Every structure is written in C-alpha cells, then in structure tokens.
Amino acid sequence: MKTTTRLAYGRILAVAVLLTPGLSAACSSGSGSGGPTVAMLSPADGAQVNPPFTVKIQASVPLGPTGSGKHHVHVYFDNNADDYTIVESDSGEILNAPPGEHTLHVSLRNANHSPAGAEAAVKVNVGAGETTAPDTGPNGY
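Here you go:
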C-alpha cells in the first residue's frame, strides 16, 4: 500500500511541475526576443510616390545577397507576394508600380527565400511616373 501511495504522489508531483509555468519557463533556453524584425522607414504610410522610388528598410538582422547566406527583403504590392522586388540592403529602388492606391509590403526572407517571420506594410498612392516641373521661363515664373 505504501508503494501505491508513493507512486500516486510521484505522479501528482510530475503533473504539478508540468503545469506550473514558472518552473517550465525556468528550464527553457532562448533570448525571448521573438525573432527578427523588419520595418519600412520610407515611404511613409499614406505617401504619394512616383516610380522610380526608394524603399528604405530597417531589419534586426544583417541583409545581403542571397548567395552570402544573409537575409534579404521581398517588396511587393497588395497581396501579390509572388510578384516581388528583392532588396539586399537597407534600401532599394522600385522601378515599376501600378498606378493608384496600394498596400506596399516588405517581407524579411531567409537566404533561400523562405519567410523569416517579419513583415511590414504601408499604404501608398502611386502616380503615373516621374513628373517634370513645368517650364517656368528664365526668371523662374
């Protein structure tokens, strides 16, 4: 009978240890940072852009060419994640963009193009292209 009591007590203790968050957390390892991050510094949310325009990115991991093993960023419009521009540094040029209001996405990617788990997006209004200032004449008006 004592053996049964000890066995039952041991099972209860094991269940208590597994269900106590403080004890299980104390046994885990890792920084708890939640993984890499990415932010779009430019263009700002709601910006008017005309192609070509520059996208400025801030990532918590080094960016570089895919062949280097470093992360890179996919930049795309709306939900067209398969139609992207690769940015391998903290800025990149978007040469073509559909006119109108769109959501511009940046997605942090591993060197093999798989998602690294960090994304950001802003709303932009894309114009028809580069605009030139009207001819103001020799006196500037």
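According to mature numbering (1 follows the signal peptide of the UniProt record, and there is no 0), the stretch in the sequence shown is residues -25 to -1, 1 to 116, in order.
Glycine is no exception: its CB is placed at the ideal position from the N, C-alpha and C atoms.
Predicted model only: the values in this text are computed from it and were never measured.
(1) Taking only the alpha-carbon atoms, compute the straight-line gap between Ala72 and Pro26 and give it to the nearest angstrom.
(2) Cutting at 7 Å between CB atoms, please list the residues of its own chain near Asp53, excluding the five before and the five after it.
(3) Excluding the 5 residues preceding and the 5 following Thr41 in the sequence, name in chain order all residues of the same chain whose CB lies nearer than 8 Å to its CB.
(4) Given that a residue counts as buried once 16 or more other Cβ atoms are within 10 Å of its Cβ, and exposed if not, what is Gly10?
(5) Quick one: using the 10 Å Cβ neighbour count with 16 as the cut-off for buried, is Pro18 buried or exposed?
(6) What does the alpha-carbon distance come out to for the pair His80 and Tyr51?
(7) If Ala91 sits next to Ala14, beta carbons under 8 Å apart, how far is it from one beta carbon to the other, in whole angstroms?
(8) CA-CA distance, Thr29 and Leu16?
(9) Put Gly92 into one of helix, strand or coil per three-state DSSP.
(10) Taking residue 134 as the reference, give the member of Gly21, Ala93 and Ala56 with the closest Cα.
(11) Report, in whole angstroms, the separation of the C-beta atoms of Val24 and Gly102, which I expect to be a contact under 8 Å.
(12) The beta strand (DSSP E) with Val62 in it runs from where to where?
(13) Please look up how many angstroms separate the CB atoms of Asp65 and Leu38, rounded, as I've assumed it's under 8 Å.
(14) Please state the DSSP three-state secondary structure of Gly10.
Put simply:
(1) 6 Å
(2) His77 and Thr78
(3) His47, Ile61, Glu63, Ala86, Asn87 and His88
(4) exposed
(5) buried
(6) 5 Å
(7) Going by Cβ atoms, the distance from Ala91 to Ala14 rounds to 14 Å, so no, they are not a contact pair.
(8) 10 Å
(9) strand
(10) In the structure as shown, the chain starts at -25 and stops at 116, and residue 134 therefore has no counterpart that could be examined.
(11) 7 Å
(12) Thr60 to Val62
(13) 7 Å
(14) coil
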